[in-house]
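Asker:
Below, the structure written as structure tokens:
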């Protein structure tokens with residue numbers, strides 16, 4: 009026999025009703041203009057994040073782990089993941105300036121040149137990857153030294 | 160059972176990361192609880208700083224209703240007040256982005272969980288989560304785009320960001336009330352155990368993957384990474400609000416890096432004269448007249464006549480709603496209360512309605528409250544740092560008021576009307 013759908017916690021229902029009342033009061037005003045576009049942005053932001061951005065970076069990350077794992081270098085994952093994620097994060101936040109999307113309003117409003125942003129982002133990314141490579145090289149060096157020092161003991 | 164097919168995201172087995180778990184989510188949640196509350200409060204403060212209840216021209220959201228319940232007369236002390244609150248709002252918002260993304264990542268299996276609703280309360284909670292996630296991302300996105308002058312969002316920034324904040328915060332409050340006990344419990348349990356929760360047996364519904372991949376990083380390490388990402392955004396942004404040599408460290412921030420020019424007028428510009436549509440012939444010595452109206456009628460003053468009035472100096476910053484600001488600049492000009500005295504308000508300066516020559520811009524007309532007009536540091540400035548104002552900084556004359564948001568420091572002033580608004 010199929011049971012009736014449960015009600016759940018009455019306190020939770022009450023709390024959420026209060027929340028919806030406030031959100032509704034503000035929402036009516038938020039949607040007062042071009043409500044279709046605003047709704048698209050509100051829902052679209054959630055969908056774009058949950059169904060596009062997150063799967064994309066999760067799949068990319070798993071591909072890196074798998075590729076390094078296949079090469080027997082799984083422990084090196086972080087040396088790729090960290091600089092790539094940081095560089096991607098900076099691009100995500102500052103893409104209008106980096107890609108020059110907002111070039112014209114930026115230039116005419118602030119009197120500043122928007123040319124430097126792409127170069128600076130590339131340089132920061134280069135520094136992040138180079139720093140990561142340096143750490144990896146240092147780690148390799150330390151490991152090799154440690155094994156060398158251990159060798160006489162084996163004799 | 161179909162729900163357990165690990166090829167489907169609705170199955171807990173689909174999610175393989177060994178990092179997910181109540182402790183990881185709880186730490187991020189607590190950080191966001193504090194951070195977003197601070198963002199909301201500084202946002203409301205910024206809204207009040209515009210004095211929207213003073214005059215229609217200051218009010219971008221005339222339908223606010225009870226949402227403006229807390230409004231108060233914006234003070235002029237301390238003079239750096241808006242510089243700090245708004246620098247904090249924007250810089251903190253940008254710094255919290257990695258935490259927000261990590262938090263959303265940590266709970267994403269919940270999005271696909273089946274059945275869609277176990278009860279009415281659960282169904283309502285999931286609808287509320289759409290407002291929470293959609294509203295939160297909407298707020299962060301509009302904010303981040305606005306500071307980069309990328310006005311692609313559907314409408315004016317002020318109402319979208321203000322009403323959007325209330326929609327988001329309504330869902331945020333409910334979420335915090337529902338989840339805080341769980342978060343505190345899982346943090347407390349972790350402290351008692353002092354062990355790596357990775358080794359604990361999976362608990363259903365607690366986000367822990369039932370078939371985790373071998374870890375490449377510990378949960379603690381992942382949190383350090385999120386913190387490091389926040390730190391990277393902080394150090395490449397904060398300099399645009401702090402100024403000085405640190406401005407150079409704000410490598411990707413819109414008002415970081417180099418100043419637009421050298422010399423006394425070389426500091427950061429919000430809107431250039433060209434952008435505002437200022438015609439150089441209107442601001443010249445011959446053409447420009449300041450029209451001051453008050454109780455006793457109207458006075459028209461040329462620049463030379465203004466310079467014969469008592470001149471005063473004050474060191475004040477420009478602090479923009481976009482979060483950037485300048486260090487204190489040395490402004491020199493006529494006190495607003497002295498101009499009020501010229502038109503019959505001697506000793507009792509009233510509110511002031513300021514009109515600019517600019518063709519464009521939501522704040523080409525703005526209102527200042529009596530307490531702002533009365534402050535002895537409030538000037539109609541003609542000089543900055545010992546030189547006449549440059550066209551981009553408002554030649555021939557601009558308003559400068561302590562602690563007021565940048566746009567209320569009207570440039571290219573043409574007309575001042577003193578009296579009740």
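Residue numbers (the working numbering), protein chains in the order written: chain A, 9 to 163; chain B, 160 to 580. Beta carbons: idealized from backbone N, C-alpha and C, even for Gly.
1. Just to confirm before moving on: does the CB-CB distance between residue 295 of chain B and residue 321 of chain B stay below 9 Å?
2. Runs of 3 residues minimum, wholly inside the region 234-258 of chain B: which ones carry the beta strand (DSSP E) assignment?
3. For the candidate residues B:325, B:202, B:486, whose alpha-carbon lies nearest to that of residue 33 of chain A?
4. Curious, which full-length beta strand (DSSP E) runs of at least 3 residues does the region 417-478 of chain B contain?
5. Does the Cβ of residue 328 of chain B lie closer than 8 Å to at least one heavy atom of the ligand PLP?
6. Closer than 8 Å by beta-carbon distance: list the chain A residues that pair up with residue 486 of chain B, in chain order.
7. Given a limit of 7 Å on CB to CB distance, which residues of the region 320-334 of chain B reach chain A?
8. Does DSSP classify residue 571 of chain B as helix, strand or coil?
9. Suppose you measure from the CA of residue 477 of chain B to the CA of residue 205 of chain B; what does that come to, to the nearest Å?
10. Hey, residue 365 of chain B and residue 180 of chain B are a contact pair by Cβ (cut 8 Å); roughly how many whole angstroms apart?
11. DSSP three-state label for residue 531 of chain B, please.
12. Could you tell me the alpha carbon to alpha carbon distance between residue 171 of chain B and residue 97 of chain A, rounded to whole angstroms?
13. Please tell me whether residue 148 of chain A has its Cβ less than 9 Å away from any Cβ of chain B.
14. Does any residue of chain B bring its CB to less than 9 Å from the CB of residue 144 of chain A?
15. Does residue 85 of chain A get closer than 9 Å to chain B when you measure Cβ to Cβ?
16. Measuring only the C-alpha atoms, how far is residue 363 of chain B from residue 377 of chain B?
17. From what residue to what residue does the beta strand (DSSP E) around residue 517 of chain B run?
18. Look up residue 139 of chain A in the DSSP assignment and say whether it is helix, strand or coil.
19. Exposed or buried, what is residue 510 of chain B when buried is set at 16 or more other beta-carbons lying within 10 Å of its beta-carbon?
20. Where residue 46 of chain A and residue 268 of chain B are concerned, what is the direct C-alpha to C-alpha distance, given to the nearest angstrom?
21. Among residues of its own chain, excluding the 5 on either side of residue 425 of chain B, which ones have a beta-carbon nearer than 8 Å to its beta-carbon?
22. Is it the case that the Cβ atoms of residue 15 of chain A and residue 280 of chain B are separated by a distance below 9 Å?
23. CB-CB under 6 Å to residue 302 of chain B, same chain, minus the five flanking residues each way: which ones, in chain order?
24. Does any C-beta atom of chain B lie closer than 9 Å to the C-beta of residue 117 of chain A?
25. Only counting the same chain, and skipping five residues up and downstream in sequence, which positions put a Cβ closer than 8 Å to that of residue 312 of chain B?
26. Mind pulling the chain A residues with CB within less than 7 Å of residue 460 of chain B?
27. Could you please give the first and the last residue of the uninterrupted alpha helix (DSSP H) stretch that includes residue 20 of chain A?
28. I'd like to check one pair, residue 557 of chain B with residue 450 of chain B: are the Cβ atoms closer than 9 Å?
29. Specify whether the region 236-245 of chain B and the region 255-275 of chain B touch according to this definition: at least 3 beta carbon pairs, one from each stretch, less than 8 Å apart.
30. For residue 110 of chain A, I'd like the list of residues in its chain whose CB is within less than 8 Å of its CB, leaving aside the five on either flank, ordered along the chain.
31. Could you pull the start and end residues of the alpha helix (DSSP H) that residue 488 of chain B belongs to?
32. Round the Cβ separation of residue 516 of chain B and residue 571 of chain B to the nearest angstrom and send it over; I've been treating them as touching at under 8 Å.
33. How many Å lie between residue 120 of chain A and residue 445 of chain B at the Cα?
34. In chain A, which residues lie with their C-beta within 7 Å of the C-beta of residue 434 of chain B?
35. Going by beta-carbon coordinates alone, are residue 182 of chain B and residue 407 of chain B separated by less than 9 Å?
36. Distance cutoff 9 Å, beta carbons only. Does residue 192 of chain B sit that close to anything in chain A?
Answerer: In short:
1. no
2. Entirely contained in the region 234-258 of chain B, not one beta strand (DSSP E) run reaches 3 residues.
3. B:325
4. 449-453, 456-460, 471-475
5. Although the ligand PLP was asked about, the structure shown includes no ligands whatsoever.
6. Within chain A, no residue comes near residue 486 of chain B; the closest Cβ sits about 17 Å away, beyond 8 Å.
7. 322, 323, 325, 326, 329, 330, 332, 333
8. Secondary structure at residue 571 of chain B: coil, using DSSP grouped into helix, strand and coil.
9. 14 Å
10. 7 Å
11. helix
12. 28 Å
13. For residue 148 of chain A, the answer is no, since every Cβ of chain B falls outside 9 Å of its Cβ.
14. no
15. yes
16. Caution is warranted here: a pLDDT of 49 is assigned to residue 363 of chain B, below 50, making its placement in the model unreliable, and the coordinate value is therefore given only provisionally. Roughly 21 Å separates the two Cα atoms.
17. No residue range can be given for residue 517 of chain B, since it is assigned to no beta strand (DSSP E) and is classified by DSSP as neither H nor E.
18. Three-state DSSP puts residue 139 of chain A in a helix.
19. buried
20. CA-CA distance, residue 46 of chain A to residue 268 of chain B, rounds to 27 Å.
21. For residue 425 of chain B, where only same-chain residues beyond five positions count, the Cβ hits under 8 Å are 418, 419.
22. yes
23. 252
24. A Cβ of chain B is located within less than 9 Å of the beta carbon of residue 117 of chain A.
25. 300, 301, 304, 305, 319
26. None at all; the shortest Cβ gap to chain A is about 29 Å.
27. Looking at the DSSP string, the run of the alpha helix (DSSP H) that includes residue 20 of chain A is 18-38.
28. No, Cβ-Cβ distance for residue 450 of chain B and residue 557 of chain B is not below 9 Å.
29. Counting C-beta pairs closer than 8 Å gives fewer than three between the region 236-245 of chain B and the region 255-275 of chain B, which falls short of the contact rule.
30. Cβ neighbours of residue 110 of chain A beyond the five flanking positions: 104, 122.
31. Premise fails: residue 488 of chain B lies in the beta strand (DSSP E), 488-494, not in any alpha helix (DSSP H).
32. Confirmed, Cβ separation roughly 4 Å.
33. 31 Å
34. 116, 117
35. no
36. no
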